[in-house]
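In the working numbering, the protein residues as written are 2 to 148.
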């Protein structure tokens, strides 16, 4: 894995740690987690369309949107749930505990999805190193969340 890919993934993690609290602030100002999603998704949609158009001719890809299986579109529902959930949880459990739990859920689910080859990811064996890593993640959750 190249260093620039690792750097990009770290940057994306840092961006998540910025934008979720921003959505939480939006929910606080508007008085509603679901309403905080409205401007967020409107700007995300406009930005996505602008980036897609700016990076090349996309008429064929835009036409294919209607052919997507409905189950793939549930990712939008999951995204809305993530935003609403973060605007509810961050003020209640704190940002540190929230992110430790969030990343831990990703690591553990990623191990399961990888092992079974779910959602189009290549199957990968469960190794003692991965199990030890998962146990360390769970230990970290305990230390950060319950002190």
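No residue lacks a Cβ here, since even glycine has one placed at the ideal position from N, Cα and C.
Every value quoted in this text rests on a predicted model; they were computed, and no experiment measured them.
For this session: Could you name the residues of the same chain whose beta carbon sits closer than 7 angstroms to that of residue 24, not counting the 5 residues immediately before and after it, in chain order?
Result: 37, 41, 84, 87 and 88
Exercise. Where does residue 3 fall in DSSP's three states?
Worked result: coil
For this session: Measure the C-alpha to C-alpha separation of residue 147 and residue 98 and round it to an integer number of angstroms.
Result: 9 angstroms
Exercise. Does the distance from the CB of residue 131 to the CB of residue 112 come in under 7 angstroms?
Worked result: yes
Exercise. What do you get for residue 68, buried or exposed, if any count of 16 or more other CB atoms within 10 angstroms of its CB means buried?
Worked result: exposed
For this session: Using only alpha-carbon positions, find the residue among 118, 114 and 104 that is nearest to residue 138.
Result: 104
Exercise. Measuring CA to CA, which of 120, 20 and 4 is closest to residue 91?
Worked result: 20
For this session: Answer yes or no: do residue 124 and residue 118 have a C-beta to C-beta separation smaller than 7 angstroms?
Result: yes
For this session: Take residue 81 as the anchor and find which of 34, 16 and 134 has the nearest alpha-carbon.
Result: 34
Problem set entry | residue 66 versus residue 79: straight-line alpha-carbon distance, rounded | 18 angstroms
Problem set entry | Alpha-carbon spacing of residue 107 relative to residue 114, whole angstroms | 10 angstroms
For this session: Specify the secondary structure class of residue 58 as computed by DSSP and reduced to three states.
Result: coil
For this session: Count the other C-beta atoms from every protein chain shown that fall within 10 angstroms of the C-beta of residue 28, then say buried if there are 16 or more, exposed otherwise.
Result: buried
Exercise. Apart from the five residues on each side of it in sequence, which residues of its chain come closer than 8 angstroms, Cβ to Cβ, to residue 18?
Worked result: 96 and 100
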